[in-house]
Amino acid sequence: MTEHLNRLTPRQIVFELDQYIIGQNDAKRNVAIALRNRWRRMNSPEDIQREIIPNNILMIGATGVGKTEIARRLAKIADAPFVKVEASKFTEVGYVGRDVESMVRDLVEQAVAMVRTQKKEEVKIKAEQAVEDIILDALIPPVHGSGPSKPLTDNGSEEMPHSDAELNQRTRERFREKIRNGELDGRKIEIEVQQNQMPNVGMIGGAVDDVSMMNIQEMIGNMMPRRGKKRKVTVEEARKLLLDEEASKLIDMDEVKLEAIKKAENLGIIFIDEIDKVASSRSSSSGPDVSREGVQRDLLPIVEGSSVNTKHGVIQTDHILFIAAGAFHVSKPSDLIPELQGRFPIRVELNSLTEGDFYQILKAPKNALTKQYSAMMASEGVELEFEDGALREIARIAFEVNSEVENIGARRLQTVMSSLLNDFMFDIPDVIGDGSQLAVTAEMVQEKLSALVKNRDLSQYIL
Numbered sequence: 001m002t003e004h005l006n007r008l009t010p011r012q013i014v015f016e017l018d019q020y021i022i023g024q025n026d027a028k029r030n031v032a033i034a035l036r037n038r039w040r041r042m043n044s045p046e047d048i049q050r051e052i053i054p055n056n057i058l059m060i061g062a063t064g065v066g067k068t069e070i071a072r073r074l075a076k077i078a079d080a081p082f083v084k085v086e087a088s089k090f091t092e093v094g095y096v097g098r099d100v101e102s103m104v105r106d107l108v109e110q111a112v113a114m115v116r117t118q119k120k121e122e123v124k125i126k127a128e129q130a131v132e133d134i135i136l137d138a139l140i141p142p143v144h145g146s147g148p149s150k151p152l153t154d155n156g157s158e159e160m161p162h163s164d165a166e167l168n169q170r171t172r173e174r175f176r177e178k179i180r181n182g183e184l185d186g187r188k189i190e191i192e193v194q195q196n197q198m199p200n201v202g203m204i205g206g207a208v209d210d211v212s213m214m215n216i217q218e219m220i221g222n223m224m225p226r227r228g229k230k231r232k233v234t235v236e237e238a239r240k241l242l243l244d245e246e247a248s249k250l251i252d253m254d255e256v257k258l259e260a261i262k263k264a265e266n267l268g269i270i271f272i273d274e275i276d277k278v279a280s281s282r283s284s285s286s287g288p289d290v291s292r293e294g295v296q297r298d299l300l301p302i303v304e305g306s307s308v309n310t311k312h313g314v315i316q317t318d319h320i321l322f323i324a325a326g327a328f329h330v331s332k333p334s335d336l337i338p339e340l341q342g343r344f345p346i347r348v349e350l351n352s353l354t355e356g357d358f359y360q361i362l363k364a365p366k367n368a369l370t371k372q373y374s375a376m377m378a379s380e381g382v383e384l385e386f387e388d389g390a391l392r393e394i395a396r397i398a399f400e401v402n403s404e405v406e407n408i409g410a411r412r413l414q415t416v417m418s419s420l421l422n423d424f425m426f427d428i429p430d431v432i433g434d435g436s437q438l439a440v441t442a443e444m445v446q447e448k449l450s451a452l453v454k455n456r457d458l459s460q461y462i463l
């Protein structure tokens, strides 16, 4: 678990984040330190490991400046289970008390899925052999019986088979080679796919919490017999359907659950967005503010560290990294209850994006919008290029619209790029055919987006 983290120094983590996120260096440094501290804790003496708690982070910044993207990319870099929740969702009816624990249960489910995928990859070769045998049985049913061995003649060739079983075996091996080479992918065969007859369970009477309901459904599902369903599919489809099924048979799910819980406890990241929506003013003590403070108090034991019961086992939240984020336009971080403030000791303010940032966002990241549009058009055989002056003009327009209407950060670039390129996307491939080349110039940007800049009422363009 720690081998991958061992290679990720704070500078290396920031370098990886720089591949996708422009600016926000302070936020990147803090999340890099927090991630490296996990490796440091797991490699500390055992008597002090339990005492080292993560420094949870509170990100403060307007929408579209990269708060969610930083947390999401951090989880991918660390190969860690990641869950994003909206704090405002817990203000809805029914989201009080135990239901706040659903984000921890979601984290465990994510960890189980990650570990299961990893284990399936480890047994993939054995599973593929089992799938080949099933497909062969459907194509050439085996003939059971003992026959003499296959001696070679003087010239090295095999003798004629002396029994049906021997002929059947030779035929099966030839077909096995054809299956591996993909020569039989289009042939139809009939296979049996296992189906778990999971009934819909409802409870009459008192309320039943989520964990109890999941346990009841799983218990009843295990009691029901697994029935096979006959399906007629191609060899290629059969390989996909059966591979997952055969790999699952080779995996010890108890081992998967234990490893997943350990992974979630030590590497899990929970991103709580819109935390400012549950912050309440101290001057008010009634109405919705009471509900908001109640939500904060429900979140508090999860962030502090507690035991949460899931369908896969009990998980301790003491060492899960929590990253909270909010714009805090109306409220302030100090409006959170003191106990919750104390559990987010690291506060990072993310800067609003400048015109220069927009230019870099269009040019530098691996997943830049310009590269995305170029890739989509390349799939139609059309080459798309952006001149440097065009990128600067797009950045200028996006920044200007954000300043005059509503600042939605980098998401504004999606609106601008869509308005700029929609005509091209519509004409491909009917009008603009395969082999065409398109060059986006500064003059073209000004011409196509002039209405967008002049119109002060831009409600139709706001996402």
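134 is the number that the UniProt record's numbering gives to position 134 of the sequence shown; each next residue is one higher, with no gaps. For every residue, glycine included, the Cβ atom is placed at its ideal position computed from N, Cα and C.
query	result
Evaluate contact between the stretch 302-309 and the stretch 248-262, counting only Cβ atoms and requiring at least three cross-stretch pairs below 8 Å.	no
So isoleucine 179 and alanine 138 are supposed to be a Cβ contact under 8 Å. How far apart are they, rounded?	That pair is no contact at about 11 Å.
Write down the C-beta distance between methionine 57 and phenylalanine 344 rounded to the nearest angstrom, noting that I regard them as a contact closer than 8 Å.	In the sequence on display, residue 57 carries isoleucine and not methionine. That pair is a contact at about 7 Å.
Go ahead and label serine 280 buried or exposed: buried means 16 or more other beta carbons lie within 10 angstroms of its beta carbon, across all protein chains shown.	buried
Taking the beta carbon of lysine 257 as the centre, do at least 16 other beta carbons fall within 10 Å, making it buried, or is it exposed?	buried
Find out if the Cβ-Cβ distance for the pair alanine 111, lysine 263 is shorter than 8 Å.	yes
Tell me, please, which residues DSSP counts as bridged to methionine 59.	Ala325 and Val348
Is the stretch 354-363 close to the stretch 385-400, with three or more CB pairs under 8 Å?	yes
Tell me which residue opens and which closes the alpha helix (DSSP H) that phenylalanine 424 is part of.	411-427
Determine which residues share a DSSP beta bridge with serine 307 and list them.	Gln316
DSSP three-state label for isoleucine 204, please.	Any reading at isoleucine 204 needs caution, since the residue's pLDDT is 48, under 50, leaving its predicted position unreliable; the model's value is listed next. The answer is coil: DSSP assigns isoleucine 204 none of H, G, I, E or B.
Helix, strand or coil: how does DSSP classify valine 233 here?	strand
Looking at C-alpha atoms only, which residue of Arg36, Phe175 and Thr63 is the closest neighbour of residue 466?	Absent from the structure is residue 466, since the part of the chain shown begins at 1 and ends at 463.
Is there a Cβ of chain B sitting closer than 8 Å to that of valine 235, yes or no?	Reference to chain B is not applicable here, since this structure consists of a single protein chain.
Relative to the C-alpha of lysine 363, which candidate in Ile13, Tyr20, Asn55 and Phe15 has its C-alpha closest?	Tyr20
The alpha helix (DSSP H) spanning leucine 384 covers which residue range?	Not the alpha helix (DSSP H): leucine 384 falls in the beta strand (DSSP E), residues 383-386.
Here's the rule: buried if 16 or more other CB atoms are within 10 angstroms of the residue's CB, otherwise exposed. What is aspartate 430?	exposed
Alpha carbon to alpha carbon, what distance is there between glutamate 109 and glycine 186?	36 Å
Near isoleucine 361, what residues of its chain come up, given a Cβ to Cβ distance below 6 Å and the 5 sequence neighbours on each side ignored?	Ile22 and Ala410
Using 8 Å for Cβ pairs, my map puts valine 348 next to isoleucine 60. What's the rounded Cβ distance?	7 Å
Exposed or buried, alanine 207, counting other C-beta atoms within 10 Å across all chains shown (16 or more means buried)?	Any reading at alanine 207 is ruled out, since the residue's pLDDT is 44, under 50, leaving its predicted position unreliable.
Near glutamine 446, what residues of its chain come up, given a Cβ to Cβ distance below 7 Å and the 5 sequence neighbours on each side ignored?	Glu393
Opposite glutamate 192 in the DSSP bridges: which residues?	Lys230
Please confirm whether aspartate 276 and serine 334 have their CB atoms less than 8 Å apart.	no
Given this structure, state the Cα-to-Cα distance separating serine 248 from lysine 229, to the nearest angstrom.	18 Å
For the pair the stretch 115-133 and the stretch 319-331, tell me if three or more CB-CB distances fall below 8 Å.	no
Given a cut-off of 8 Å on the beta-carbon distance, is the pair isoleucine 323 and alanine 87 in contact?	no
For serine 374, which residues from the same chain have a beta carbon less than 6 Å from its beta carbon, with the 5 sequence-adjacent residues on both sides left out?	Leu384
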